[in-house]
Every structure is written in C-alpha cells, then in structure tokens.
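> Handing you this structure, nothing more for now.
Residue numbers (this note's numbering): 32 to 557.
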C-alpha cells in the first residue's frame with residue numbers, strides 16, 4: 032500500500048507565544064509563564080493553570096481591549112496556560128500579559144522582546160491599563176529572575192520604582208505596550224528616587240505634649256517603645272487612653288528602609304497603598320473597631336489576605352475597649368503576639384504574613400467604667416467586675432508585658448498644663464535604648480528586648496541577690512506565671528537600657544513588677 036501523503040503543514044500550523052507575569056503568596060512573588068497557543072479550529076478561548084474567577088473573566092476584557100486598540104482578535108481556538116499549574120492564580124494582573132501573548136502569537140510583537148520583560152496590568156475594555164495589587168512584588172520578582180525590566184500600569188509606577196537595579200516601564204494603554212515591545216516607541220525607565228521617601232521625623236499632627244498630666248503613663252509608653260513591649264491601659268472614660276495610644280507611634284524609632292519595604296509589600300498585596308504612594312514612610316497605626324471579625328483582624332478568606340495584625344507590621348495595633356471584642360477574635364492574637372507572624376492554613380495552601388507589632392490595648396476597669404474612681408460611684412458588684420475583666424484570658428494577658436492604670440485627670444492638671452517632654456525628645460531616648468539592644472542582640476537575630484528568647488533572657492537579664500529576692504517575693508505574692516516572669520525580666524532590661532546602664536538593679540526590677548497590675552486581686556482597685 033502506498034504511503035499517504037503528509038497532511039498540509041500550513042493547516043496543522045499552531046501559533047505559540049510566551050509572556051511572563053507574577054503572582055503572590057503571602058508577601059512573596061512567584062514568576063508565572065503565560066503560554067498562549069492559537070490553533071486552527073472553531074473559535075474557543077480556554078484558560079488553564081488553576082485560575083480563579085477574575086482570571087477566567089479576563090477573556091472578555093482581553094478581547095475587547097485588543098479589538099478597541101485596533102488589532103485583530105484571532106477567530107481560532109485559543110488556549111492560555113498559566114504555569115506552574117500548581118500555584119493558584121488570582122487577580123486581574125494577568126490581563127496585559129495574556130493580551131501581549133496573543134498579539135505575539137499573531138506576529139505583531141517579537142517573542143525575543145516580550146521574553147525580556149515581566150508584565151502585570153489590568154485592561155479596561157478600551158485598552159487602558161489599570162492599576163493592580165502587588166506591583167511592588169512583581170518588580171521584586173523581575174529583579175530576582177533577572178529580567179531586563181518590568182512593565183506596570185502608570186498608577187503603580189512609583190510603587191514599583193522603589194526596587195533598585197531594575198528598569199521599570201510604566202505604560203498607560205495596550206497600544207503603548209505593543210509599540211514599546213515592537214521597538215516603535217521609546218519609553219524612559221523610571222528612576223528609584225528614595226531620598227525623602229521615609230519621613231525620619233514621623234512627628235506631625237500629634238505629639239505627647241498634647242496630653243495633660245499622666246506622666247507615669249508616658250513613662251510606660253516610653254518603656255514600651257524602647258523594648259517593643261505590648262501594653263494595656265486601664266482607666267475610666269475620658270482619661271486619655273486613646274490620645275496616649277495614638278501618640279505611641281510618634282516615639283518609635285524611624286523605619287529602616289528594609290522595614291519600610293517589607294511593610295509596603297503587605298500594603299501592596301492588600302491593595303491598601305494610598306494613591307501614588309511609593310513607600311510606607313511612617314510606622315503604621317491600626318485601630319480596628321471591636322466588631323471586627325477574626326478574618327479581618329488576623330487575615331483570611333478563600334485566597335488569604337493580610338488582616339489588621341499584619342497591616343500593623345512594624346507599627347502599632349490599637350484595640351480600644353478590649354473586652355468588647357469577641358473572645359474567639361482575641362484568642363487568635365495569641366499566636367501572632369508570640370511568633371510575630373500570622374500563619375493562615377487552607378486546604379490548597381498555607382500563607383504566612385509578618386506581624387511584628389506593638390500591641391496597645393485599652394479598657395475600662397469595670398462595665399460602668401468607674402471602678403476605683405474617687406469622683407464617681409461604681410455601680411458594679413465584685414462579681415460583675417471579675418466577669419468583665421475575665422473576658423480577657425490569662426494566656427492573652429501574659430503576652431501583654433505592661434499593665435498601667437490611667438486615672439481621671441484632676442482639674443488642676445487640665446488647667447495648668449505641664450507639657451512635659453515632646454515626642455521628638457522622648458524618641459531620642461528610645462532610639463538610644465534600641466541601639467544598645469541591637470548591639471547586644473543582633474548576632475542572635477533580635478532587634479529589641481521583647482524579641483528575646485528564654486535562653487537570651489537568662490543570658491542578658493541576670494539579677495543580683497537583692498533583685499532575685501525581690502522578684503521571688505513578687506512571684507509568690509502575685510502568683511505569676513512563668514511567662515509573666517520572663518516579661519518582668521525583659522521590662523527590667525529595657526528600663527536599664529533607658530537608664531544607660533548594663534547591670535539590672537533592684538530598682539529596675541521593682542518598677543517592672545509594678546507594670547503587672549492585672550495580676551493582682553481583681554476585686555481591688557489598681
């Protein structure tokens with residue numbers, strides 16, 4: 032039997048192209064290969080590679096954008112593969128790389144040019160390139176994989192330009208992207224101008240001098256800022272707890288560039304960067320309402336997103352009216368406070384977000400708010416007081432280093448305002464104490480006393496005989512837990528660092544013990 036003639040190669044020809052994009056898991060970016068295959072056959076469009084709904088819907092946006100930009104959309108069988116297929120793809124950032132892949136398969140863009148760039152961007156129906164979440168991670172991914180440059184929407188230009196040693200090209204339309212990749216349009220890459228991006232002052236609208244009196248609370252805030260300690264304020268309504276909490280961020284040390292970059296990555300993934308903001312310049316201050324859900328506070332969702340704990344990374348998380356939060360929400364704070372990161376497990380993946388925060392909480396001493404207030408009669412029974420404070424579990428209280436009473440101000444304190452030290456002055460003291468801690472702990476991967484492990488506490492928080500005797504007495508009298516014991520030693524270490532001395536004296540230990548007020552009998556005023 033004679034051999035059959037080979038089928039026409041022209042009829043069997045397939046048009047192949049490949050572009051590159053990125054996706055994020057947590058605050059880590061991953062390179063994605065966008066493979067486009069156009070085969071002769073009935074018109075069809077299929078996207079494979081574990082895409083979620085927004086990626087699947089890109090078909091209509093891509094088709095309309097290509098046609099409305101003046102190009103022909105193939106009337107053939109189109110298959111788009113997002114590799115590796117094991118990583119779930121979500122978001123609208125794949126629109127532009129898919130459209131460029133289709134046009135490259137149609138021989139409008141040279142493949143060798145397209146392969147040099149990592150591309151992200153959402154397309155509108157008229158071909159405009161719209162902003163996406165995670166542009167900063169895309170630029171970092173492009174740098175890690177040594178691409179020639181990264182193409183981003185114009186709205187994400189400043190954000191992506193933070194990455195040094197990477198050419199960032201901000202384009203406004205699909206047609207501009209095609210002309211640029213075809214060599215018909217010259218685009219100047221953006222320069223990463225980092226001067227002035229981080230506000231070293233970080234003291235603007237608010238200052239500790241705004242708060243009348245409360246010198247002992249300001250002292251506690253100084254200790255908390257110096258050692259990175261969590262703090263709980265208890266006092267009647269109107270005592271100034273919220274004012275004091277909002278001013279804690281003004282005395283924290285300035286953000287290092289590495290800290291600012293990591294915080295910006297979280298805000299970029301969450302889509303929380305303000306318009307045209309390139310870098311988070313100040314330490315975050317987050318104050319979620321007590322009606323927040325566990326997913327809103329810790330993070331979560333089908334494709335986990337960072338919660339308020341992670342958005343406060345390298346800054347302050349303020350929880351006002353602490354007992355009003357749902358108990359299950361508060362209990363979820365225990366792991367982030369201990370590990371300084373949040374791990375969200377789902378069936379398909381596990382995501383970890385950083386959560387190195389200073390927790391500041393505020394609460395009334397009782398349901399009516401006036402327990403222990405000499406000027407108002409408390410209407411609560413001892414049992415009601417105990418139940419109210421019992422909403423905060425012992426394990427959570429153990430993770431809050433400093434408990435401080437914020438009493439109502441007397442009239443003379445309100446009228447004869449003694450401003451005390453400014454935030455800038457206190458900040459200098461905090462920075463000096465942090466430098467001592469960094470020199471002592473940097474070889475162990477720690478940067479403040481609150482991060483010390485049990486082994487480091489034993490090494491760097493040694494007490495003399497008088498200090499040991501004082502701490503032993505307090506442990507027995509207050510029935511403190513082993514975790515509270517470690518917290519007292521860390522606070523004493525911070526107090527010594529603020530004083531500029533290495534040995535921890537009994538006076539430092541005594542002051543640290545005073546900051547464990549909630550370990551005392553709940554039926555007595557603080």
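A virtual CB, placed ideally from N, CA and C, is assigned to each residue, including glycine.
Does the CB of residue 506 have a neighbour CB from chain C at under 8 angstroms?
Annotation note: the requested chain C is absent from the structure, which comprises a single protein chain.
> According to the Cβ coordinates, are residue 347 and residue 373 closer than 8 angstroms?
Contact: no.
> Identify the continuous alpha helix (DSSP H) that holds residue 537 and give its terminal residues.
That run of the alpha helix (DSSP H) goes 537-545.
> Contact defined as beta carbons within less than 8 angstroms: I believe residue 149 pairs with residue 193. What is the distance between those atoms, to the nearest angstrom?
Actually they do not touch by this definition, with Cβ atoms about 16 angstroms apart.
> For the beta strand (DSSP E) containing residue 274, name the first residue and the last one.
Taken as a continuous stretch (DSSP letters only), residue 274 belongs to no beta strand (DSSP E), being part of the alpha helix (DSSP H) at 272-277.
> Can you tell me whether DSSP reads residue 128 as helix, strand or coil?
Looking at residue 128 - three-state DSSP - the assignment turns out to be helix.
> Once you ignore the five residues that flank residue 381 on each side, which residues in its own chain have a CB closer than 8 angstroms to its CB?
Cβ neighbours of residue 381 beyond the five flanking positions: 374 and 375.
> Which first and last residues belong to the beta strand (DSSP E) in which residue 197 is found?
Note, residue 197: premise wrong, no beta strand (DSSP E); not H, not E.
> If you draw a straight line from the C-alpha of residue 241 to the C-alpha of residue 456, how long is it?
Their backbone Cα atoms lie some 14 angstroms apart in a straight line.
> Within 10 Å of its beta-carbon, does residue 168 have 16 or more other beta-carbons around it, so buried, or fewer, so exposed?
So residue 168 counts as buried.
> Which one or two residues does DSSP pair with residue 82 in a beta bridge?
Bridge partners of residue 82: 120.
> Report the rounded CA-to-CA distance for residue 121 versus residue 524, giving the unit in angstroms.
Straight-line Cα distance between these residues: approximately 47 angstroms.
> Cutting at 6 angstroms between CB atoms, please list the residues of its own chain near residue 198, excluding the five before and the five after it.
So the list reads 180 and 220, once near-sequence residues are dropped.
> Among the candidates 81, 302, 46 and 86, whose CA atom is the shortest distance from the CA of residue 67?
The residue with the shortest Cα to Cα distance from residue 67 is 46.
> Measuring CB to CB, does residue 301 end up less than 8 angstroms from residue 277?
Their beta carbons are not under 8 angstroms apart, which means residue 301 does not touch residue 277 by this criterion.
> With a floor of 3 residues, list each beta strand (DSSP E) that falls wholly inside the stretch 319-404, ordered by position along the chain.
Qualifying beta strand (DSSP E) stretches, in chain order: 347-350, 372-376, 381-385 and 389-394.
> Check whether the stretch 382-395 and the stretch 405-412 are in contact - that is, three or more C-beta pairs closer than 8 angstroms.
Segments in contact, no.
> With distances taken from CA atoms, which of 177, 205, 210 and 207 is nearest residue 195?
Measuring from the Cα of residue 195, the nearest candidate turns out to be 177.
> So does the stretch 92-100 actually touch the stretch 55-72, counting three or more Cβ pairs closer than 8 angstroms?
No: fewer than three Cβ pairs fall under 8 angstroms.
> Given a cut-off of 8 angstroms, decide if residue 345 and residue 263 are closer than it, judged by their beta-carbon atoms.
No, Cβ-Cβ distance for residue 263 and residue 345 is not below 8 angstroms.
> Where does residue 316 land, buried or exposed, given buried means 16+ other C-beta within 10 angstroms?
With 16 or more other Cβ atoms within 10 Å, it is buried.
> Around the Cβ of residue 507, are there at least 16 other Cβ atoms within 10 angstroms (buried) or fewer (exposed)?
Exposed.
> Identify the continuous beta strand (DSSP E) that holds residue 310 and give its terminal residues.
Note, residue 310: premise wrong, no beta strand (DSSP E); not H, not E.
> Could you check the C-alpha separation between residue 166 and residue 517 for me, to the nearest Å?
Each residue's Cα considered, the two are about 42 angstroms apart.
> Quick one, are the C-beta atoms of residue 423 and residue 361 less than 8 angstroms apart?
Yes, these two residues count as a Cβ contact at 8 angstroms.
> Going by the beta-carbon positions, is the gap between residue 114 and residue 152 smaller than 8 angstroms?
It is not a contact, given that the beta carbons lie outside the stated cut-off.
> From the DSSP output, in three-state form, read off residue 88 for me.
Three-state result, residue 88: coil.
> DSSP puts residue 184 in a beta bridge; with which residues?
Per DSSP, 202.
> State whether the stretch 426-437 contacts the stretch 251-261, with contact taken as three or more CB pairs (one from each stretch) at a distance under 8 angstroms.
Judged by Cβ distances under 8 angstroms, the stretch 426-437 makes contact with the stretch 251-261, as three or more pairs qualify.
> If we ignore side chains and look at the alpha-carbon of each, how far apart do residue 418 and residue 352 end up?
Taking the straight line from one Cα to the other gives about 15 angstroms.
> Where does the unbroken beta strand (DSSP E) through residue 108 begin, and where does it stop?
Residues 108-114.
> Starting from residue 60, follow its DSSP beta bridges and name the residues at the other end.
Paired residue(s): 55.
> Is the beta carbon of residue 184 closer than 8 angstroms to that of residue 163?
Yes, Cβ-Cβ distance for residue 163 and residue 184 is below 8 angstroms.
> What number of angstroms, rounded off, separates the C-alpha of residue 125 from the C-alpha of residue 89?
When rounded, the distance between both Cα atoms is 8 angstroms.
> Return the Cβ separation of residue 273 and residue 239 in integer angstroms, given the expectation that the two are a contact with Cβ distance under 8 angstroms.
So it is not a contact: roughly 14 angstroms between Cβ atoms.
> So for residue 46, helix, strand or coil by DSSP?
Strand at residue 46.
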